[in-house]
Amino acid sequence: MKPSLLVFNPNGDIDLILRKSSAQRIQKVTRGSSGPDDAADEEPIDDTAATEGEVEYQQGPPVEFKNISSSIHTVEDLRNLGSMKEHGQHVELRYRVSSAHLALASPVFKSMVTESFATIDLSSRSTSGFRRYAEALLILLDVIHGHHKSVPKAMCLKLLIELSRLIDNHKCHEAVEMFVDHWVGSIIDEKKIKGSSMNTNMSRLYISWVFAKGEYFNLLALQILLESTAGSIQTDLPLPATILEALEHRREAIVNQVLDKIYWLLEELWSGDCTRESCYPLALGTLMKRMRSFGLEIPRPVNRPIKEKSILQLLEKKMRHWEKEMSQTDICDGVRLRDFESAQSTQEGNEPSRKRKREASVIITNTRPLAASTGMKPSLLLFAPKGDTDIILRQPNSRSHQNSLPQAADPNAVPEENDEHAEQELQDDQNDPQLHVTEEFNDVTASIESLNDLKSLKPFNEHGQNVELCYRVSSAHLMLASPVFRAMLDGPFQESSRNQDGRFEVKTSECSAEALLVLLNIMHGHHRDVPKTMEFSLLTEMAILVDYYECHEIVEMFAENWIASTIQEDEIEGSDYQTNISRLFISWVFGKIELFNSVVYSILKLTAGPIQTDLPLPSTILDSLERCRQSLTQKFLDSIYELLDSFWSRDEGCDAECTAIMLGMLIKQMLRFGLEVPRPMSGRPAQEKNLLHLYEFSAQLKSPRWSHVSSSNAHGCRFSTITEPWLETLSNVDICHGVRFEDFKLGTSVPKDVASEFLKKDMRKRKRSNRDLFRGRRSA
1 MKPSLLVFNP NGDIDLILRK SSAQRIQKVT RGSSGPDDAA DEEPIDDTAA TEGEVEYQQG
61 PPVEFKNISS SIHTVEDLRN LGSMKEHGQH VELRYRVSSA HLALASPVFK SMVTESFATI
121 DLSSRSTSGF RRYAEALLIL LDVIHGHHKS VPKAMCLKLL IELSRLIDNH KCHEAVEMFV
181 DHWVGSIIDE KKIKGSSMNT NMSRLYISWV FAKGEYFNLL ALQILLESTA GSIQTDLPLP
241 ATILEALEHR REAIVNQVLD KIYWLLEELW SGDCTRESCY PLALGTLMKR MRSFGLEIPR
301 PVNRPIKEKS ILQLLEKKMR HWEKEMSQTD ICDGVRLRDF ESAQSTQEGN EPSRKRKREA
361 SVIITNTRPL AASTGMKPSL LLFAPKGDTD IILRQPNSRS HQNSLPQAAD PNAVPEENDE
421 HAEQELQDDQ NDPQLHVTEE FNDVTASIES LNDLKSLKPF NEHGQNVELC YRVSSAHLML
481 ASPVFRAMLD GPFQESSRNQ DGRFEVKTSE CSAEALLVLL NIMHGHHRDV PKTMEFSLLT
541 EMAILVDYYE CHEIVEMFAE NWIASTIQED EIEGSDYQTN ISRLFISWVF GKIELFNSVV
601 YSILKLTAGP IQTDLPLPST ILDSLERCRQ SLTQKFLDSI YELLDSFWSR DEGCDAECTA
661 IMLGMLIKQM LRFGLEVPRP MSGRPAQEKN LLHLYEFSAQ LKSPRWSHVS SSNAHGCRFS
721 TITEPWLETL SNVDICHGVR FEDFKLGTSV PKDVASEFLK KDMRKRKRSN RDLFRGRRSA
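Here's what the structure looks like:
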């Protein structure tokens, strides 16, 4: 859906401009400024009005910036921006974005887009800094606009620092929340924290602070306390001063605690006495020599802290007298993440410890009238306070309140004869104009106050009246996330016309109210309201909505967690048909190749009746699976009836008695198993027996035990002598051939190399499974 790298919305109404000049300093001249010299040491003002394309130097005339956006096609192009000489001294990148998305994701962006012009002057930096800032801005805008396939799951520390600053400055933490675990996990390894430099750990501390990662923050705070010396806990990153001061005070308190113990021991040895003449003098002399070699003054200096030593150094082998006691001390007391205010509230009330380095100049300009500004989510069904669209859900939760599922979904169901008379009556009713009346719906939106209210909602109220509820949303978010919504709202359909209240109306029916809530939360960036896990039934409903509205990309990251927490592959074999067909649908919608192929294998092996479902799986998949199931079943039946025919029509036994006994034994076992003798012409048994049962029957045929009157030895003919060769052949058949995920038109884009790799793994696993499953069931 994203047309090019720097165009986030084809219908975007904002150009965000990122500028860079090779000059050492650029100073905006604004109305009321007293001149370049007077303003040289002042911080730039964030909301300065500016004329697009013009920036004035300290000396010299205004200059125009060259737009190099057309030369940037990939992220590598962005990273490989050479020296400024290649494009000129003054260059700019333009990001085409949606004001509605910016305003809903960030209160800072929201305040900007309400003005005709808004400028964020974050200064001029080195070429590498400009490129890194440009890439960080690209990632943030991809997340905000729902282009999640373009968002990296891992990145280098410097890029994540830049991205963290952007997120921190623009207060859009919620919008990026689903990516945070991946990003932070890629640069913070608990095992490597101990061996990292102070600068690296301070950067990690800032990142864990921005994203509220308490576990990482506390580990880093501990390591910084242990390894830092006096005055070394500082950073150019905008960590709140309260954090840095608290860390420094805690470090000093622990150091003084250790020093108190050391000097107390010195005083005890100095003034104490011992019955053994050499006891105290030896201990005193040893302690004083160690203190001298360690750099501790004797006597203890007053009001002069020790700057050269860290807590770890004081607890090293020469000074470890109280290491055991210190190990019981809570070093991080008062400096854990929970001891500070949240990232947003703290940074609003505190100045950063260091002036933030100036970054690249960013200008936001309008290309057409602004879309309606929106804000953070105020209530359950209100996704955009100034939203311009109402989604009307009628008869919500219909699937969960059905008395029974369609009989076609039952694997043991026998197809019923078509009732032509009933069908004709139904058609007559539908054609009767007197029966076409306008349905009335009871709007229950006002009664929905919690998620439980939404879950318990029924399609009809206690009076039998149809129920409906309204979701207030933003059309810009719907259209960018879903081509189906875009066609509705921007095409020649009823939904593209506004109602009397000036809003668009989109009507839908019978879907899960909770699933629609989750989907709209994702589309609007309210990611803290999106569950990380969900019940299997809700996951199925989510897959139905994602498939219908074709919004796979924006849901993909969340689906990874949902599927991992809900579907376990080792449970597939023991599940019923309905559950597995739902898993098949879920794996198809979300492009889970390995899961899809595993479910296909299980369905083909364990399903007896026709493969059908009321879920919107493509008919090509269902038809192919059913043809494959019937073909595999037919192969077993052909072999079984060929065995029957070999004794019935031909003398396959060693003599007449043997043939008769083997034939009788086989017929009795076939009848008990439910196979008709002779073979019916209709082929009905193919619909009544699954592949596994047919294999077990063939492999476990009992041979008769008898002997001739003239011999005391048991007769040696066995069914296994005949069945083993064709059972071996059938056990090596690739039962999933032609019906794997990659054999169908992909519902989501899966790279060919990924599909090929899954295919190789799947083939190896299926061969092992066939051997383990079938060979263990052979008759003796």
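Per UniProt numbering, the very first residue in the sequence shown carries number 1; after that it's consecutive. Don't be surprised by glycine CBs; every beta carbon is placed ideally from N, CA and C.
1) Using beta-carbon positions only, say whether LEU104 and ILE139 come within less than 8 Å of one another.
2) I think ASP443 touches CYS470, with their Cβ atoms under 8 Å apart; what is that distance to the nearest whole Å?
3) Look at the Cβ atom of LEU296, then the Cβ atom of ILE262, and state whether they are nearer than 8 Å.
4) Return the first residue and the last residue of the beta strand (DSSP E) that ARG94 is part of.
5) Bridge partners for CYS470 per DSSP, in chain order?
6) Compute the Euclidean distance between the alpha carbons of ARG131 and MET523, then round it to the nearest angstrom.
7) Per DSSP, what are the beta-bridge partners of VAL506 in this structure?
8) Between which two residues does the alpha helix (DSSP H) harbouring ARG19 extend?
9) What whole-angstrom Cβ distance do PHE504 and LEU489 have, given they're in contact under 8 Å?
10) Is the beta carbon of TYR95 less than 8 Å from the beta carbon of LEU6?
11) Check whether the Cβ atoms of PHE179 and VAL151 lie closer than 8 Å to each other.
12) Using the Cα positions of GLU495 and VAL75, report the straight-line distance between them to the nearest angstrom.
13) Identify every residue that forms a DSSP beta bridge with ASP443.
14) What residue from GLU550, LYS149, ILE593 has the CA that sits closest to PHE569's CA?
15) Alpha carbon to alpha carbon, how far is LYS2 from LYS66?
16) Taking only the alpha-carbon atoms, compute the straight-line gap between TRP209 and ASN169 and give it to the nearest angstrom.
17) Within 10 angstroms of the Cβ of GLN612, are there 16 or more other Cβ atoms? Answer buried if so, exposed if not.
18) For the alpha helix (DSSP H) containing LEU637, list its first residue and its last residue.
19) For ASP529, I'd like the list of residues in its chain whose CB is within less than 6 Å of its CB, leaving aside the five on either flank, ordered along the chain.
20) Can the beta-carbon of PHE647 be found less than 8 Å from the beta-carbon of LEU671?
21) Taking just the CA atoms, how far does LEU451 sit from SER565?
22) Do you know offhand how far PRO107's Cα is from LYS171's?
23) Taking only the alpha-carbon atoms, compute the straight-line gap between LYS165 and LEU141 and give it to the nearest angstrom.
24) Report yes if the C-beta distance between SER228 and ARG251 is below 8 Å; otherwise report no.
25) Please work out which residues of its chain come closer than 7 Å, Cβ to Cβ, to ALA136, disregarding the five sequence neighbours upstream and downstream, and give them in chain order.
26) Rounded to a whole number of angstroms, what is the C-alpha to C-alpha distance between PRO492 and ASN499?
27) If you reduce the DSSP assignment to three classes, tell me which class PRO483 lands in.
28) Measuring alpha carbon to alpha carbon, tell me which residue in VAL506, CYS156, PRO10, ILE72 is nearest VAL97.
29) How would you write the range of the alpha helix (DSSP H) that VAL335 sits in, first residue to last?
30) CA-CA distance, ASN580 and LEU226?
31) Could you give the DSSP three-state label for ILE735: helix, strand or coil?
32) Less than 8 Å separating the beta-carbons of GLY146 and ILE554?
33) Can you look up PRO385 in the DSSP assignment and give me helix, strand or coil?
34) Excluding the 5 residues flanking VAL143 on each side, which residues of the same chain have their C-beta closer than 7 Å to its C-beta?
Here's the rundown:
1) no
2) 7 Å
3) yes
4) 90-97
5) ILE392
6) 29 Å
7) ILE391
8) Here ARG19 belongs to no alpha helix (DSSP H); instead the beta strand (DSSP E) covers 14-21.
9) 6 Å
10) yes
11) yes
12) 37 Å
13) GLU468
14) Note on identity: in this sequence residue 569 is Glu, with Phe being the wrong assignment. Closest by alpha carbon: ILE593.
15) 24 Å
16) 13 Å
17) buried
18) 619-648
19) ASN521
20) no
21) 21 Å
22) 7 Å
23) The identity of residue 165 in the sequence shown is Arg, whereas the question assumes Lys. Going by the C-alpha atoms only, they are around 14 Å apart.
24) yes
25) LEU159, GLU162, LEU163, LEU166
26) 15 Å
27) helix
28) PRO10
29) Segment: none, VAL335 is in no alpha helix (DSSP H) and carries neither H nor E.
30) 54 Å
31) coil
32) yes
33) coil
34) VAL151, ALA175, VAL176, PHE179
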